[in-house]
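Encoded as structure tokens, the structure appears first; notes follow it.
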Amino acid sequence: MTQDGAPLSLLPGTKKSKPIDIVGFIKRYAVIIIVAGNFGFTILAPFALMGIKPFYKVSARIKIDPITQVLIGKGEEASILSQYASYARTQSMRLRESSILEEAVSRLTPEQKDTQFFKGLPLDLCAAILDKRLYAKPISRSHLMNLALQGQSPDGLAELLNNILKVYIEHIEYEQKSKNINRLNYLHSEYKELKNRIRKKTITLEEIARQSSTSSFAEAFNLYYKKAEKLQQISVSLYERRIEAENRFNQLVHEKEQLSAISMRPHVEEMVANDWGLDSTQSWTYQQMQQMRAELDGLTQTNDDRQYVEERMKAMSQYEREMNDDVRKLARVVIYGKRDYEMQTRLIKAENDFKTLLKAEDTITAELDKAKEEASVNSVRLITGEELQAELRHLRQLLFRLETRISELGVQSNAPGRITITTPALTPKKPAGDNAKNLFMICLVLPFGAVTFVLFVLEFMDKRISSPKNIEQALGHPPTWPVSQAPEGQTFARITLDAPECVASKAIRSLAIRLFRDNQKNQTKVILFNGIDERNGTTEILLNTSHNLGQMLPSILIIETNSTNPALRRLLGVEEDFPGIADVIKGRKTLEQCIYTDFERNVNVLFSSHEKITSEANLILRMLLEESKKKFDMILIDAQPIMKSDLTEYLVTHSDVAILVIQGEKTMYGMVRKVAEFFIRLEIPAIASVLNWGGARYVTPLEIFLNKPYLKFIKNRIYGSPAAKKK
Numbered sequence: 029m030t031q032d033g034a035p036l037s038l039l040p041g042t043k044k045s046k047p048i049d050i051v052g053f054i055k056r057y058a059v060i061i062i063v064a065g066n067f068g069f070t071i072l073a074p075f076a077l078m079g080i081k082p083f084y085k086v087s088a089r090i091k092i093d094p095i096t097q098v099l100i101g102k103g104e105e106a107s108i109l110s111q112y113a114s115y116a117r118t119q120s121m122r123l124r125e126s127s128i129l130e131e132a133v134s135r136l137t138p139e140q141k142d143t144q145f146f147k148g149l150p151l152d153l154c155a156a157i158l159d160k161r162l163y164a165k166p167i168s169r170s171h172l173m174n175l176a177l178q179g180q181s182p183d184g185l186a187e188l189l190n191n192i193l194k195v196y197i198e199h200i201e202y203e204q205k206s207k208n209i210n211r212l213n214y215l216h217s218e219y220k221e222l223k224n225r226i227r228k229k230t231i232t233l234e235e236i237a238r239q240s241s242t243s244s245f246a247e248a249f250n251l252y253y254k255k256a257e258k259l260q261q262i263s264v265s266l267y268e269r270r271i272e273a274e275n276r277f278n279q280l281v282h283e284k285e286q287l288s289a290i291s292m293r294p295h296v297e298e299m300v301a302n303d304w305g306l307d308s309t310q311s312w313t314y315q316q317m318q319q320m321r322a323e324l325d326g327l328t329q330t331n332d333d334r335q336y337v338e339e340r341m342k343a344m345s346q347y348e349r350e351m352n353d354d355v356r357k358l359a360r361v362v363i364y365g366k367r368d369y370e371m372q373t374r375l376i377k378a379e380n381d382f383k384t385l386l387k388a389e390d391t392i393t394a395e396l397d398k399a400k401e402e403a404s405v406n407s408v409r410l411i412t413g414e415e416l417q418a419e420l421r422h423l424r425q426l427l428f429r430l431e432t433r434i435s436e437l438g439v440q441s442n443a444p445g446r447i448t449i450t451t452p453a454l455t456p457k458k459p460a461g462d463n464a465k466n467l468f469m470i471c472l473v474l475p476f477g478a479v480t481f482v483l484f485v486l487e488f489m490d491k492r493i494s495s496p497k498n499i500e501q502a503l504g505h506p507p508t509w510p511v512s513q514a515p516e517g518q519t520f521a522r523i524t525l526d527a528p529e530c531v532a533s534k535a536i537r538s539l540a541i542r543l544f545r546d547n548q549k550n551q552t553k554v555i556l557f558n559g560i561d562e563r564n565g566t567t568e569i570l571l572n573t574s575h576n577l578g579q580m581l582p583s584i585l586i587i588e589t590n591s592t593n594p595a596l597r598r599l600l601g602v603e604e605d606f607p608g609i610a611d612v613i614k615g616r617k618t619l620e621q622c623i624y625t626d627f628e629r630n631v632n633v634l635f636s637s638h639e640k641i642t643s644e645a646n647l648i649l650r651m652l653l654e655e656s657k658k659k660f661d662m663i664l665i666d667a668q669p670i671m672k673s674d675l676t677e678y679l680v681t682h683s684d685v686a687i688l689v690i691q692g693e694k695t696m697y698g699m700v701r702k703v704a705e706f707f708i709r710l711e712i713p714a715i716a717s718v719l720n721w722g723g724a725r726y727v728t729p730l731e732i733f734l735n736k737p738y739l740k741f742i743k744n745r746i747y748g749s750p751a752a753k754k755k
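Here the sequence shown stands for residues 29 to 755, where the numbers follow this note's numbering.
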């Protein structure tokens, strides 16, 4: 038992309520079922004979094609071969729809309707009756379905079945056409929607084609991209040339700076030396100077002619020098001017080339940027155009498929159906039989079924222990050998003395041997005998068990604590004034004075008293038990049912084994479980159960009826005697 939460099951592996024993039910009630059923059949049979009437039957067949060829299309219609059986069963159920049956009945003439149904019966009730009479079942290993209809009159019977088939096929065809009409309406609306979408996308695509100047929406046809590519090539070429011109200009500037630092005097002197006029003048001057020097020969320094000539010679030398300086100056101007001119010309040309290329590069770069932007915008147009083209292609494919499907559905709407009538119903010429078999079956089933049902309900409501199997189902373990009734003429309390070889004596002896073995093995001394109910033979079983134990152990003590219904004095023939357990507890007598010895059974008995033992005497009672354990080999306690006695609950705490005495056909299944769980909660070391078929028991009115002499004779002939049954 758990301390917290819900407790665990105290009787695991058991059943909380008594299960129904079908085999036992048949054995117990087979006779009454047969007798009562035959009685009911005998009463109903004359009425069945008076109610025999002939009936007529018509049949028809329809064919369900698993594959139907369409009038247009690439192949066959979707096959139903894989689910043909389910389809056929579905159609057999659809034949019974109330709308179909009502319409079929309405197509009958008033005379035909009155012959097949009650006069003035509404159509819905006629359809309900027709649903019960109609037979529809697929024929195995074929594509046919068999339909049959029974009636008491041949008039209108075949027409009714044919009407059912016609209405059913009309419903199927109407559903198919309605389905196609709905499909066509949907497809037409989708077709118009697709046309509008295609028109709008075509207008958008044409506008994009005008803007992109192409109808092929691919990057290869992007003219702006080609223009940008060409401008890119020109830009790269101009960039290269501009870099070259810039480098050349910078080189000329550097060259000018370096050349300006170089002196041109050698070139000046060379030009002076190569000057023809200066050379002629110098040559003429030299000749004149030589002639004048020759004229000076012989002239004095003071000679005027000499002075004149010398003056002329000085003037000529001065002129030569001045002329030389002028030529040199001119040569310097020419040489340096030429060098500066050439260098400046080259610089101006290089600078102009650089500026021209730079301006051209800026212009091309601007054009390239513009072309790139136009190319990117045009690429977006091409992508959009390509998407629109793909969408248009897809929409046109859908449009073509819709056109094809619309054409197919238009033709299929008039195609033949899957279900056709192969054999119509014909008016019967003679009756197909009568209802005698059904009436006699009702006469058999009704009484036998009613009796069986009533008995089954009674059996279900009967919660008494009726077999050892019930105890095993309730407690989880079988009882000891069931104790049967005593032989006729024998007293149950003396059965082990007077009839030791009977079945009941052997069962009690088996219980005594088990208790003796437990005593020797586990040193158990205190055995508590407790009946689930009162007056169920607990005292008699205890007395017979003590007799058998008295043959195995030298000293046995029986303590009777049942003050409500004491029986030991009566069974042993002891006077009522013999002292009992209350005298010991009250101290009026000693234990030895209150013990009665039955020498015939070799047992000692401590009788109960009419005084009720209260809870205040529990301590003295425990001391009494402890003293008795020392003096006797085994103590057997006859206690009142634990559910009615606090004293029994106290005695359980001082007992080693509890014997639950269960009386067959009296003790309730739920009470057995309840008492067993009570003992388990009190933590008694061991529990054993004994099924007692003797003693008084509750007899139901049904059992009283079954004990009628003639029924009892039949039962004994079938199952044997009750004694044999208890074995």
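The C-beta atom is built at its ideal place from N, Cα and C for all residues, glycine as well.
Nothing here was measured: the structure is a model prediction, and the numbers come from that model.
With distances taken from CA atoms, which of Arg211, Leu266, Gln111 and Tyr624 is nearest glutamate 603?
Tyr624
Using a threshold of 8 angstroms, state whether the C-beta atoms of histidine 171 and lysine 91 are closer than that.
yes
Would you kindly check if the distance between the Cβ of threonine 508 and the Cβ of lysine 556 is under 8 angstroms?
First, the amino acid is wrong: residue 556 is leucine here, not lysine. Not closer than 8 angstroms, so no.
Can you grab the Cα-Cα spacing for the pair glutamate 644 / proline 528, in whole Å?
Each residue's CA atom was taken as its position, placing glutamate 644 and proline 528 some 43 angstroms apart.
Give me the residue from Asn558, Glu711 and Thr592 with the minimum Cα distance to aspartate 666.
Asn558
Given aspartate 546, which residues of its chain have a CB within under 6 angstroms of its CB, disregarding the five upstream and five downstream residues?
Once the five neighbours on either side are set aside, the close Cβ partners of aspartate 546 are Thr552.
Rounded to whole angstroms, what's the CA-CA distance from isoleucine 536 to isoleucine 71? Just pull it up for me.
Straight across, the Cα-Cα distance linking isoleucine 536 with isoleucine 71 is about 51 angstroms.
For tyrosine 57 and arginine 654, the rounded distance between their alpha carbons
The identity of residue 654 in the sequence shown is glutamate, whereas the question assumes arginine. Going from the Cα of glutamate 654 to the Cα of tyrosine 57 covers about 53 angstroms.
Just the C-alpha distance for valine 633 and isoleucine 587, rounded to the nearest angstrom, thanks.
6 angstroms
Quick check on threonine 432: buried or exposed, where buried means 16 or more other Cβ atoms within 10 Å of its Cβ?
exposed
Report yes if the C-beta distance between glutamate 705 and arginine 492 is below 8 angstroms; otherwise report no.
no
Residues in the same chain with beta-carbon distance under 6 angstroms from alanine 453, minus the five sequence neighbours each way, listed in chain order, please.
Val86, Ala88, Ala186, Leu189 and Asn190
Would you mind listing the alpha helix (DSSP H) stretches within the segment 118-176 that are 4+ residues and don't spill past its ends, in chain order?
Counting whole runs of 4 or more residues, the segment 118-176 contains the alpha helix (DSSP H) stretches 126-134, 138-144 and 151-161.
Only counting the same chain, and skipping five residues up and downstream in sequence, which positions put a Cβ closer than 7 angstroms to that of isoleucine 48?
Glu487 and Phe488
Where histidine 575 falls, given that 16 or more other Cβ within 10 Å makes a residue buried:
buried
For threonine 681, three-class secondary structure by DSSP:
coil
Integer-rounded CB distance, given that isoleucine 663 should sit under 8 angstroms from leucine 599
Not quite, the Cβ-Cβ distance comes to about 19 angstroms (not below 8 angstroms), so this is no contact.
Rounded to whole angstroms, what's the CA-CA distance from valine 63 to glutamate 639? Just pull it up for me.
A direct Cα-to-Cα measurement between valine 63 and glutamate 639 gives close to 54 angstroms.
Which residues mark the beginning and the end of the alpha helix (DSSP H) in which leucine 543 is found?
531-550 is the span of the alpha helix (DSSP H), which, as asked, contains leucine 543.
Note down the Cα distance separating leucine 420 from asparagine 224, rounded to an integer number of angstroms.
11 angstroms
Cutting at 6 angstroms between CB atoms, please list the residues of its own chain near leucine 483, excluding the five before and the five after it.
Tyr57
Any idea what DSSP makes of glutamate 203, helix, strand or coil?
It is helical.
So is lysine 46 buried or exposed if we call it buried at 16+ other beta carbons inside 10 Å?
buried
Span separating the alpha-carbon of threonine 480 from that of proline 506:
30 angstroms
Measure the C-alpha to C-alpha separation of tyrosine 726 and phenylalanine 146 and round it to an integer number of angstroms.
Unreliable placement is indicated for tyrosine 726, whose pLDDT of 49 sits below 50; the coordinate value is still reported in the next sentence. About 55 angstroms.
Does DSSP classify proline 496 as helix, strand or coil?
helix
List the endpoints of the continuous beta strand (DSSP E) containing phenylalanine 11.
In the structure as shown, the chain begins at 29 and stops at 755. Residue 11 is therefore absent and cannot be evaluated.
Stretch pair the segment 330-347 + the segment 310-320: three plus CB contacts closer than 8 angstroms:
Yes: at least three Cβ pairs fall under 8 angstroms.
CB of asparagine 466 within 8 angstroms of CB of isoleucine 569, strictly:
no
Does the Cβ of aspartate 605 have 16 or more other Cβ atoms within 10 Å, making it buried, or fewer, making it exposed?
exposed
What's the call for glutamate 104, buried or exposed, on a 16-neighbour Cβ count within 10 Å?
Any answer about glutamate 104 is weak, because its pLDDT of 48 lies below 50 and its placement is not dependable; what the coordinates show is given next. So glutamate 104 ends up on the exposed side.
For threonine 384, the three-state DSSP class (helix, strand or coil):
helix
Determine the DSSP secondary structure at aspartate 666, reduced to helix, strand or coil.
strand
What is the C-beta distance between phenylalanine 277 and glutamate 389, in whole angstroms, given that I count them as a contact (C-beta under 8 angstroms)?
Rounded to whole angstroms, the Cβ separation of phenylalanine 277 and glutamate 389 is 15 angstroms, and the two are not in contact under 8 angstroms.
For glutamine 372, count neighbouring C-beta atoms within 10 Å of its own C-beta (all shown protein chains included) and say buried if the count is 16 or more, exposed if not.
exposed
Between tyrosine 219 and isoleucine 128, is the Cβ-Cβ spacing less than 8 angstroms?
Remark: C-beta atoms of tyrosine 219 and isoleucine 128 do not approach each other more closely than 8 angstroms.
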